[in-house]
Amino acid sequence: MAWKRKYRCSACGYEAETYEGKGLFGQHITPVSCPDCHTIQNLVVGGVIGDVAPSFRSEVGRLCLRCGSDRIRIWDGHTCPQCGGTMADTEEKEFWT
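Below is the structure:
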């Protein structure tokens, strides 16, 4: 089971949704931060799709889903990609099965 969490920057108000847990097909979703388009994107990693498409087995070599940048990094869970401020969990959760 997985759940969706919402984060908001206390300085600029930027919001992003991330996912935790494992999906129906064994995949997990990794939030990454892009320094080029200043967003947080969610990458599907592993599971059945990783078995079929080896490039989905890890975050290595992946591109930003919004701008195609190869400079993405796993998001630290706190730093706002827009302004560098602090993002906090809004405690809004939605469960997925």
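One point on numbering: in our numbering, the residue at position 3 of the sequence shown is 207, and numbering is uninterrupted.
Cβ coordinates follow ideal geometry from the N, Cα and C atoms, glycine included.
Nearest to residue i (by Cα), restricted to the options the options
{"i": "C284", "options": "Q231, Y218 and R209", "result": "Y218"}
{"i": "F229", "options": "D240, I253, A215 and Y223", "result": "I253"}
{"i": "C216", "options": "T243, G289, D255 and T294", "result": "G289"}
{"i": "S237", "options": "E295, S273, D293 and T294", "result": "S273"}
{"i": "V248", "options": "V264, D240 and D293", "result": "V264"}
{"i": "P235", "options": "T222, H242 and S262", "result": "T222"}
{"i": "R261", "options": "H232, H242 and D240", "result": "H232"}
Integer-rounded CB distance, given that residue j should sit under 8 Å from residue i
{"i": "Q245", "j": "R270", "result": "6 Å"}
{"i": "W207", "j": "G225", "result": "6 Å"}
{"i": "R212", "j": "M291", "result": "6 Å"}
{"i": "I276", "j": "C268", "result": "5 Å"}
Opposing strand residues paired with residue i [DSSP bridges]
{"i": "V248", "result": "I233"}
{"i": "D240", "result": "In DSSP, D240 forms no bridge with anything."}
{"i": "I253", "result": "Beta-bridge pairing links I253 to no other residue."}
{"i": "D293", "result": "Y211"}
{"i": "R277", "result": "S237"}
{"i": "E219", "result": "R212"}
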